Structures are given as C-alpha cells and as structure tokens.
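**Student:** After the structure tokens below, expect a handful of questions from me.
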Amino acid sequence: MKRTFRVGLLIGLAVAVLVAVAAIIYEFYDTRTLKRTVRRGEVLCGVNAGLPGFSIPDDKGNWTGFDVDFCRAVAAAIFDDPKKIKFIPLDASERFTELQKRKVDILSRNSTWSMARETRYDLYFPAVAYYDGQGFMLPSSRKIESALDLNGSKVCVQANTTTALNLADYFRANNMKYEEMKFAKLDEVVKAYGEGKCDTLTADVSQLYALRLNMAKAADHVILPDVISKEPLAPVVRQRDDDWMMIVKWTLYAMINAEELGITSKNIDEALKSKKPDVMRLVGTEGNYGEQLGLTKDWAARIIRHVGNYGEIYDRNIGSESKLQIPRGLNQLWSAGGIQYAPPIR
Ligand SMILES: N[C@@H](CCC(=O)N[C@@H](CS)C(=O)NCC(=O)O)C(=O)O
38 MKRTFRVGLL
48 IGLAVAVLVA
58 VAAIIYEFYD
68 TRTLKRTVRR
78 GEVLCGVNAG
88 LPGFSIPDDK
98 GNWTGFDVDF
108 CRAVAAAIFD
118 DPKKIKFIPL
128 DASERFTELQ
138 KRKVDILSRN
148 STWSMARETR
158 YDLYFPAVAY
168 YDGQGFMLPS
178 SRKIESALDL
188 NGSKVCVQAN
198 TTTALNLADY
208 FRANNMKYEE
218 MKFAKLDEVV
228 KAYGEGKCDT
238 LTADVSQLYA
248 LRLNMAKAAD
258 HVILPDVISK
268 EPLAPVVRQR
278 DDDWMMIVKW
288 TLYAMINAEE
298 LGITSKNIDE
308 ALKSKKPDVM
318 RLVGTEGNYG
328 EQLGLTKDWA
338 ARIIRHVGNY
348 GEIYDRNIGS
358 ESKLQIPRGL
368 NQLWSAGGIQ
378 YAPPIR
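Here it is, written out as structure tokens:
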C-alpha cells in the first residue's frame, strides 16, 4: 500500500512538473500575441513615460492621453473592458527592442513609421494614428520667424529619434551650420533648453506643444511655423503576427469610421438601433466582421462605448477640450479637409 502510494505520488509529481515545463515552453514559444493576451487577461502597452496629452500618469498612477486611449481601445475591443491593460513606460532608445523582445504587445508611443524601423527590428506599423512633423521651439525674445534663420544655432535634440536624423538633413540641405546638443533622455533635453544651453529645441510639433505647456513661462516660447519632416506616428507590433496586427489596425480604423459616421460614446446605443447599412456593419448589427477578427460582433461598439471615436479621443486629449489645443490640421478627416482616411468596413 505504502509503496503504491509513493509510486503514485511520484508519478503525480512527474506529471505536474511536465505540465509546468510544457506550459513554460508553450508560453515562451507561442508568438501569437492575441492568444497570449487573452490568456493573460490584459494588454501590455508600451508608452512614453510622460508626454502631456499623449501619455502621462497622474500621482495615483492613472494614465491619460491619446496614445494611452488607443491601447485602451484595443483592450475594449478584446475584453469589453478598457481597464484590462498594463502601461509600461519605454524611452526612445529601448522602445523597439523591448517590443521585439515581447516585453509589450503593442507600442503606442509617439513613434514615427519609417522603413528602416520595420526592416531592422522586424516590426510593423499597421496604420497612422497621428500625422505629425518636426518643428523648432525657441524663446520669443530671439525674434526669429523662420527655421531658415537658425544658421549657427546650438540645437537641443534627443538621441535615438528620427528627430536627430532630420535635424542633420535639414541643416545640410540648406547649407546651414549648427551645433548639436544631443541627450539620451528627454528630461536632459528640456533641462538644457531651460538653462539656455541651446538656442532652440527640436522635436515633433505635437511634442513641442506638450513641452511648452510644462515650461515655467509658456508664453515666452514660440514654435516656428516651419515643419521640416513627415512624422507619421503609429502604433507598432511585431511582424508575422497577423491576427494581432489586424486587431490593432482595425481598432484605429473603427474609431476613424465611427467619427465619419457620427457615432460617439454618447450616441452608441442609438447607433445600435440604426438601420443605416454602414452603421450596422460597424456596430455589428449586420455581418460578422468582428468574428472574422477573432473577436465578437460588437467589437467596434465596445471601442466606441468605452473610449470614443477618433475625434473624441483627439479633442479630449490634445484638441479643443484639452490644454494643448492642437488644431486638427492633417488629422482632420479626409471629408473635412484632412488626410485621416479609413478603409471601409464591409
Ligand atoms: N517621432 C520621433 C520622436 C519620438 C520621441 O521619442 N521623441 C522624444 C523627444 S520629445 C521623446 O518622446 N522622448 C521621451 C523619452 O525618451 O522618454 C521618433 O519616433 O523617433
């Protein structure tokens, strides 16, 4: 009896160990982010550690911002709960490698879509969330009105960004000289500028708005009208992970289509009763588009209810209802003079 018991116990233990090892191996080798995310019960979202309007935590650790809301929308689509999410701050130098190493499921962090970033890191930028461009900020006391008058300037810039690359291109193309004051961390860039160690600070225009907001005397700094580059900011995922890429891409397109159709977080219940074919396809009362994504019929309705349409997210974080007051510009819908354009859901 005793011996049989011991053998049984040993077999039981061996099975338990095997199951545990198999689970670890499975978890490690399973590269399908959707499956891993659903199993884990939350989305791991890589964000900027602190960029007002885009991604910033308050003193209680509650994150807000345009990039933050995009990840919440993905969580809403999957879990019907925008809180099933963990935000992981990543700085400019580590963001792509951390995504590559699967530390996060998605990077939603003012990152410019460029060819080399897709090829070098095996990543994929599914769709443009925010059309930005690079600009210059400087003290208004300098009385400079054009970037072409910046010849001979000391320029503060952050390393490991497209910003540093464009800066070099711009001055070279215009036969101008500059002294690069490059720092690894954004705090250092801002500090150097604040201490007058450089004549101007360069970054994406949206970031200049955010940084100016934090300055002791915001009104003493101007952002020049010149935009010297294309910075299509987009969420980022890993290549060869198509189910996940499709969810990220169509989450953004669902929000843009919702704005175009006039569906908001406030009127979503009426939209669910609508008989308009394009509204019905978006909110899931006709067709099974969500199921084809591996989600439910009401995936887009969940996004709109919990987080809102593209315009709502824009306005409350960076637009007319926010402190930043960034005009919609290129990010207006194509039907209203901008270039935000989502393929149809059909
Ligand atoms: N869009 C550009 C710039 C993005 C970027 O990382 N900008 C810096 C300068 S404002 C930043 O967000 N730094 C914050 C950090 O590294 O934590 C890119 O993708 O390279």
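The sequence shown begins at 38 in our numbering and counts up one residue at a time.
All C-beta atoms in this analysis are idealised placements derived from N, C-alpha and C, irrespective of residue type, glycine included.
Being a predicted model, the structure only gives us computed values, none of them experimental.
In terms of DSSP beta bridges, what is residue 149 paired with?
**Tutor:** Taking the sequence shown and counting its residues from 1, the one referred to as residue 149 is at position 112. Residue 149 pairs with 270.
**Student:** DSSP state of residue 180, grouped into three classes?
**Tutor:** Residue numbering aside, residue 180 sits at position 143 when the sequence shown is read from its first letter. In this structure, residue 180 counts as coil in the three-state DSSP scheme.
**Student:** For the alpha helix (DSSP H) that residue 90 lies in, which residues bound it at each end?
**Tutor:** The sequence position of residue 90 within the sequence shown is 53, counting from 1. Run containing residue 90: none; DSSP gives neither H nor E here.
**Student:** Grouping DSSP H, G and I as helix and E and B as strand, with all else coil, what is residue 213?
**Tutor:** Indexing the sequence shown from 1 puts residue 213 at position 176. Of the three classes helix, strand and coil, the one that applies to residue 213 here is coil, per DSSP.
**Student:** Residue 230 to residue 237, Cα distance in whole Å?
**Tutor:** Reading the sequence shown from its first residue, position 193 is the one you call residue 230. Reading the sequence shown from its first residue, position 200 is the one you call residue 237. The straight-line gap from Cα to Cα measures roughly 7 Å.
**Student:** With a threshold of 8 Å, are at least 3 pairs of Cβ atoms found where one atom belongs to the segment 336 to 354 and the other to the segment 106 to 126?
**Tutor:** At 8 Å Cβ cutoff, the stretches touch.
**Student:** If you reduce the DSSP assignment to three classes, tell me which class residue 378 lands in.
**Tutor:** As a working note, residue 378 is residue 341 in the sequence shown. In this structure, residue 378 counts as coil in the three-state DSSP scheme.
**Student:** Is residue 337 a contact residue of ligand 1, with contact defined as CB to any heavy atom under 7 Å?
**Tutor:** Locating residue 337 in the sequence shown gives position 300, where the first residue counts as 1. No; taking the cut-off as 7 Å, the Cβ of residue 337 has no heavy atom of ligand 1 nearer than that.
**Student:** Does the beta-carbon of residue 47 have 16 or more other beta-carbons within 10 angstroms, so that it is buried, or is it exposed?
**Tutor:** For the purposes of this step, residue 47 is taken as residue 10 along the sequence shown, with counting starting at 1. Answer is exposed; the Cβ neighbour count stays below 16.
**Student:** So the alpha helix (DSSP H) residue 134 belongs to, where does it begin and stop?
**Tutor:** Counting from 1 along the sequence shown, the entry for residue 134 is found at position 97. First-last of the alpha helix (DSSP H) with residue 134: 132 to 137.
**Student:** Of all the alpha helix (DSSP H) runs that stay within the bounds of the segment 287 to 335, which reach a length of 4 or more residues?
**Tutor:** For the segment 287 to 335, whole alpha helix (DSSP H) runs of length 4 or above, ordered along the chain, are 305 to 308, 314 to 320 and 326 to 329.
**Student:** Out of curiosity, what's the CA-to-CA distance linking residue 182 and residue 262?
**Tutor:** For the purposes of this step, residue 182 is taken as residue 145 along the sequence shown, with counting starting at 1. For the purposes of this step, residue 262 is taken as residue 225 along the sequence shown, with counting starting at 1. Each residue's alpha carbon lies about 8 Å from the other.
**Student:** For residue 252, does the three-state DSSP call read helix, strand or coil?
**Tutor:** Locating residue 252 in the sequence shown gives position 215, where the first residue counts as 1. Residue state, collapsed to three classes: coil.
**Student:** In the DSSP output, what is residue 168 paired with across the bridge?
**Tutor:** As a working note, residue 168 is residue 131 in the sequence shown. Bridge partners of residue 168: 269.
**Student:** Any heavy atom of ligand 1 closer than 7 Å to the CB of residue 270?
**Tutor:** Position 233 of the sequence shown holds residue 270. Within the cutoff, so yes.
**Student:** Ends of the beta strand (DSSP E) at residue 84?
**Tutor:** As a first step, residue 84 is located in the sequence shown; it is residue number 47 there, counting from the start. Looking at the DSSP string, the run of the beta strand (DSSP E) that includes residue 84 is 80 to 84.
**Student:** So the candidates are 166, 277, 205 and 62; which of them puts its Cα closest to the Cα of residue 265?
**Tutor:** On the sequence shown, residue 265 is found 228 positions in, with the first residue counted as 1. Comparing Cα positions, the closest option is 205.
**Student:** Kindly list the residues whose CB is nearer than 6 Å to the CB of residue 106, restricted to its own chain and excluding five residues on each side of it in sequence; keep chain order.
**Tutor:** Position 69 of the sequence shown, counted from the first residue, corresponds to residue 106. So the qualifying residues of the chain are 344 and 350.
**Student:** Would you kindly check if the distance between the Cβ of residue 188 and the Cβ of residue 228 is under 8 Å?
**Tutor:** On the sequence shown, residue 228 is found 191 positions in, with the first residue counted as 1. On the sequence shown, residue 188 is found 151 positions in, with the first residue counted as 1. No, Cβ-Cβ distance for residue 228 and residue 188 is not below 8 Å.
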